[in-house]
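Chemist:
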Amino acid sequence: MFRQFFRKKNITDLLAESSDNVGGLRRSLTVTNLVALGIGAIVGTGIFVITGRAAAEFAGPALTISFAVSAVGCILSAICYAEFAAMIPVSGSVYSYSYATMGELLAWFIGWDLILEYLFACSSVAVGWSGYMQSLLQGWGIELPYQLARSTFDHVNGSWTFTGSLINFPAVFIIAVISAFLMGGIRQSAFVNNVIVVIKVSVILLFIAFGLSHIDTGNWSPYIPENTGQTGYFGWSGIFRGAAVVFFAFLGFDALSTAAQETRNPQKDLPKGILISLLVCTVLYILVTAVLTGIVNYKELNVDAPMAVAIDHVGASLRWLSPLIKLGAIAGLSSVILVMMLGQTRIYYAIAKDGLLPEIFSKIHRKRRIPHNATIFASIATGLIAGLLPLNVLSELVSIGTLMAFTIVCLSVVVLRKTQPELHRPFKVPLVPFVPLLGAGVCILQMVALPWNTWLRLIGWTVLGLFVYFMYSRKHSKLK
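Residues in the sequence shown are numbered from 0 upward in steps of one, following numbering that gives the first Met the number 0.
#1: How should I46 be labelled, buried or exposed, when 16 other C-beta atoms within 10 angstroms of its C-beta is the threshold for buried?
#2: What distance in whole Å lies between the Cβ atoms of G400 and D215, which are believed to be in contact at a cut-off of 8 Å?
#3: State yes or no: is the C-beta of Y117 within less than 8 Å of the C-beta of G342?
#4: Specify, as a first and last residue, the run of the alpha helix (DSSP H) that S188 falls within.
#5: Let me know the secondary structure DSSP gives S92 once reduced to three states.
#6: Pop quiz: R186 and S334 are said to be a contact at Cβ under 8 Å. What is the actual Cβ separation, rounded to whole angstroms?
#7: Hey, quick one: how far does the alpha helix (DSSP H) through S178 stretch, first residue to last?
#8: Fully enclosed by the segment 289-356, which alpha helix (DSSP H) runs are 4 residues long or longer?
#9: Evaluate H364 with the Cβ neighbour count: other Cβ atoms within 10 Å of its Cβ, from every protein chain shown; 16 or more gives buried, anything less gives exposed.
#10: Where M339 and A385 are concerned, what is the direct C-alpha to C-alpha distance, given to the nearest angstrom?
#11: T453 bridges to which residues according to DSSP?
#12: For L317 and G234, I'd like the C-alpha separation in whole angstroms.
#13: With a CB to CB cut of under 7 Å and the five nearest residues on each side skipped, what residues in its chain are close to L13?
#14: Kindly indicate which residue of N9, I41, V30 has the alpha-carbon position closest to the one of Y284.
#15: When you compare only the Cα positions, how much space is there between S164 and Q133?
#16: Taking only runs of the alpha helix (DSSP H) that begin and end inside the segment 401-479, which ones reach a length of at least 4 residues, in chain order?
#17: At the level of alpha carbons, what is the spacing between I329 and S256?
#18: Give me the residue from S472, L478, K479 with the minimum Cα distance to F108.
#19: With a 10 Å radius around its C-beta and 16 neighbouring C-beta atoms as the bar for buried, classify R149 as buried or exposed.
#20: Throw me the rounded Cβ distance for the L147 and K325 pair, which I believe falls under 8 Å.
#21: With H, G and I counted as helix, E and B as strand and the rest as coil, what does DSSP make of T262?
#22: What is the DSSP secondary structure of F233, reduced to helix, strand or coil?
#23: Determine the direct distance from the alpha carbon of P60 to that of T288, and round the result to whole angstroms.
#24: Can you tell me whether S220 is helix, strand or coil according to DSSP?
#25: Pull up the CB-CB distance for F152 and L387, whole angstroms please, since I reckon it's below 8 Å.
Structural data, given as structure tokens:
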């Protein structure tokens, strides 16, 4: 009986799936598209939303160290992702890698975890987008009714409260708009993303260049605030807690692996796209965090739109940049939602092809060659969550889901090197098992730093996933 939980998908079959160009997904993406998709997914919430809260609550100005710690874990994980993406270029990402290396039950667990990751990532970025959009509208004298401007529920000091708002309408609105672009096909989605990436990177460089002259170095003192004992944060414990939270900001490079079956030359281009986009974004994150905490005292940054607050804080000399920053943030967050939604729909597609989710999610649109049913479902689910739940709960759930996925990828590299050393690997992780185990270790340490409430929510999500597996997926698996 227990053997069925460890049945594995043959890698030869996976490779055959990836080479199906007749009835499958359309191969349109180049390495330039992949780098743009990576930057489009990574540069967004980390700079425009999470930096403020992480600095104010956890690390202070030392959030730059938090980003560096997270970047180390990400780079180690990215190298492992690159090996798998080049070796098994299929749309299922780490779900498919786990199915080939560790068996069906663990593959289902990680696939269910990826659904959590991408679903809540899209939702949390949509909430951040709402904050910037409302800030921009207020600058134009437009105020949305309270009942349409906030999440329906809030989570403060461990308890849930009803805010009095019906729904966060701007967050739901942007999900609907992005979904319409995705329904147009992968070429249209890639073109829209390329345009948005140019806009938001230009705005970020403007913020860094003009913000440098307005830095007050007094805001960096103390660089590592002491642990007051009241919150349990700041000090080195706050730096590591901040690293765990801002790890969410690096979510994106892994989404590139879900586009493997839509890449023209995945074995060469995917490793380049993953690593180049991650390195570019790491540099941007650290520079923006340094400028942001230099302009505004970290205690004042616990807001949904910290860069907008920094520009407003400077005053008249940079007032011309304020609407550009807000527009750039809105555009930037839009591209994050686009790529995360893309990844979410491809995960549904991959799991459904194996029979573990209903077959309707694996259907490909005859003309546009996209999983249209999966896209529609993802839009509805993401819109509801974005409209109802607050940013703090969403971001921590995404962080633990991402860290779990990265840990599995790192460990899978070690397993597959032992069990199937003869496989052709166009890109190889150096210094195995040291690099993968170090990457897994960094991810596990950051998971431990997350609050117990976040672990409870992950356990609850996992229990729900196991219920779905035993009631449906196990019976409908195509490996049965």
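Glycine included, each C-beta is placed from N, C-alpha and C at the ideal position. What you are looking at is a predicted structure, and each value in this text was computed from that prediction instead of being measured.
Modeler: Per the coordinate set shown:
#1: Translated into the one-based positions of the sequence shown, residue 46 becomes position 47. Buried, by the Cβ-count rule.
#2: Translated into the one-based positions of the sequence shown, residue 215 becomes position 216. Translated into the one-based positions of the sequence shown, residue 400 becomes position 401. Not confirmed; about 37 Å, so no contact.
#3: To locate residue 117, count along the sequence shown from 1; it is residue 118. To locate residue 342, count along the sequence shown from 1; it is residue 343. Yes. Within cutoff.
#4: Looking up residue 188 in the sequence shown gives position 189. Start and end: 185-210.
#5: On the sequence shown, residue 92 is found 93 positions in, with the first residue counted as 1. S92 falls in the coil class under three-state DSSP.
#6: Stepping through the sequence shown from its first residue, residue 186 is reached at position 187. Stepping through the sequence shown from its first residue, residue 334 is reached at position 335. That pair is no contact at about 16 Å.
#7: Along the sequence shown, read from residue 1 onward, the residue named residue 178 stands at position 179. Here the alpha helix (DSSP H) through S178 covers 168-181.
#8: 305-313, 320-352
#9: In the sequence shown, residue 364 corresponds to position 365, counting from 1. Looking at its Cβ environment, which holds fewer than 16 other Cβ atoms inside 10 Å, H364 is exposed.
#10: The count along the sequence shown starts at 1 and reaches residue 339 at position 340. The count along the sequence shown starts at 1 and reaches residue 385 at position 386. Going by the C-alpha atoms only, they are around 14 Å apart.
#11: Start at 1 with the first residue of the sequence shown, and residue 453 comes out as number 454. Beta-bridge pairing links T453 to no other residue.
#12: The residue you call residue 317 lines up with position 318 of the sequence shown. The residue you call residue 234 lines up with position 235 of the sequence shown. About 33 Å.
#13: By 1-based counting over the sequence shown, the position of residue 13 is 14. Only I87, V89, S95, A99 meet the Cβ criterion.
#14: In the sequence shown, counting from the first residue as 1, residue 284 sits at position 285. Minimum Cα distance to Y284 is reached at I41.
#15: Here residue 164 refers to the residue found at position 165 of the sequence shown. Here residue 133 refers to the residue found at position 134 of the sequence shown. In a straight line, the C-alpha of S164 is about 15 Å away from that of Q133.
#16: 433-447, 451-467
#17: What you label residue 329 is simply residue 330 of the sequence shown in a count that begins at 1. What you label residue 256 is simply residue 257 of the sequence shown in a count that begins at 1. Each residue's alpha carbon lies about 25 Å from the other.
#18: Start at 1 with the first residue of the sequence shown, and residue 108 comes out as number 109. F108 has its Cα closest to that of S472, out of S472, L478, K479.
#19: Counted from its first residue, the sequence shown places residue 149 at position 150. With 16 or more Cβ atoms within 10 Å of its Cβ, R149 is classed as buried.
#20: As a first step, residue 147 is located in the sequence shown; it is residue number 148 there, counting from the start. As a first step, residue 325 is located in the sequence shown; it is residue number 326 there, counting from the start. L147 to K325, Cβ: 19 Å. No contact.
#21: Taking the first residue of the sequence shown as 1, we reach residue 262 at position 263. Correct three-state label for T262: strand.
#22: The residue you call residue 233 lines up with position 234 of the sequence shown. DSSP, read as helix, strand or coil, puts F233 in coil.
#23: Here residue 288 refers to the residue found at position 289 when the sequence shown is read from its first residue. Here residue 60 refers to the residue found at position 61 when the sequence shown is read from its first residue. If I take the Cα positions, the gap works out to 8 Å.
#24: Along the sequence shown, read from residue 1 onward, the residue named residue 220 stands at position 221. Look at S220 here: in three-state DSSP terms it is coil, with no helix or strand label.
#25: Your numbering for residue 152 matches position 153 in the sequence shown. Your numbering for residue 387 matches position 388 in the sequence shown. Sure, about 6 Å apart at Cβ, within 8 Å.
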